[in-house]
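*Asks:* Supplied in structure tokens, the structure appears directly below.
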Amino acid sequence: MTVSTDNLVVDIVRTLEKEGVPPDAYQLGREFDPEALARLLESGGDAVEVRLEVRGISLVATSHGVWVTDEPPSSQPECPNCGLPVAAVVQLVPAYHTAYPCGCHVEGDLLE
935 MTVSTDNLVV DIVRTLEKEG VPPDAYQLGR EFDPEALARL LESGGDAVEV
985 RLEVRGISLV ATSHGVWVTD EPPSSQPECP NCGLPVAAVV QLVPAYHTAY
1035 PCGCHVEGDL LE
């Protein structure tokens, strides 16, 4: 199934509107990267389920759609160097791991 960024954004906006969140209360591009989310859902197929939160509303996004869940997304661990929340650990070479979004050097198992 092809996941288009436009359809994903429309699904998220409609879901948030149903929950009473007006469109002028948030900017999706500041909450998460809609294009990256669409690519992730497209590449992972039916096996990928992404949980995110927009203005206090917990959402689940899959290649089949977006819906509200009562389960909040798991909290992000803090970077051991700077204390900012870590969304991902990027590995460009085998021995070097970088926390995202802060960019600090971290251990590879930080998110495990």
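Remember, the numbering used here sits 934 above the position in the sequence shown when you count from 1. Don't be surprised by glycine CBs; every beta carbon is placed ideally from N, CA and C.
#1: Just checking my contact of residue 957 with residue 951 at CB under 8 Å: how many whole Å lie between their CB atoms?
#2: When burial is assigned at 16 or more other CB atoms within 10 Å of the CB, is residue 1033 buried or exposed?
#3: On the three-pair Cβ rule with 8 Å, is the segment 972-987 touching the segment 995-1004?
#4: Considering just the uninterrupted stretch of the beta strand (DSSP E) at residue 1029, what are its terminal residues?
#5: Could you tell me the distance, in whole angstroms, from the CA atom of residue 941 to the CA atom of residue 970?
#6: Note down, in chain order, each residue of its chain lying with its Cβ closer than 6 Å to the Cβ of residue 1030, except the 5 sequence neighbours on either side.
*Replies:* Straight from the coordinates:
#1: 7 Å
#2: buried
#3: yes
#4: Unbroken run through residue 1029: none, as it is neither H nor E.
#5: 14 Å
#6: none
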